[in-house]
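Residue numbers (the working numbering): 5 to 98. Glycine included, every Cβ here is placed at the ideal spot set by N, Cα and C. For clarity, every value in this text was computed on a predicted model and none was experimentally measured.
See below:
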């Protein structure tokens, strides 16, 4: 099976070509700047917790308001369909 996907390369020091990664970096920097860095272990724990939150609990607008793990598990379409069903039921009750 071939997915016909490649790894796009961006020019060094040209963040405009790599917007998604730049946005991720901005998000993690904002989160980590709130952690006291006096103990190195705190930072390692904070990074691990952030990556867990970002991949498993944070809904991403660019993914249709599902988590990256839901997309990778192939559950995105099922979740979006279920949301539409609930939305339809709510509108019918009005």
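**Message:** For the structure I just gave you, are there three or more beta carbon pairs, one from the stretch 57 to 75 and one from the stretch 39 to 46, closer than 8 Å?
**Reply:** no
**Request:** Give the C-beta separation of residue 59 and residue 71 to the nearest angstrom, bearing in mind that I take them to be a contact with Cβ-Cβ under 8 Å.
**Result:** 7 Å
**Asked** What is the DSSP secondary structure of residue 75, counted as helix, strand or coil?
**Response** helix
**Message:** Using the Cβ count rule (16 or more neighbours within 10 Å means buried), how would you classify residue 74?
**Reply:** buried
**Endpoints, alpha helix (DSSP H) assigned at residue 82** = 80 to 97
**Message:** What does the Cβ neighbour count give for residue 89, buried or exposed, with the cut at 16 atoms within 10 Å?
**Reply:** exposed
**Asked** What is the rounded straight-line gap between the Cα of residue 52 and the Cα of residue 15?
**Response** 29 Å
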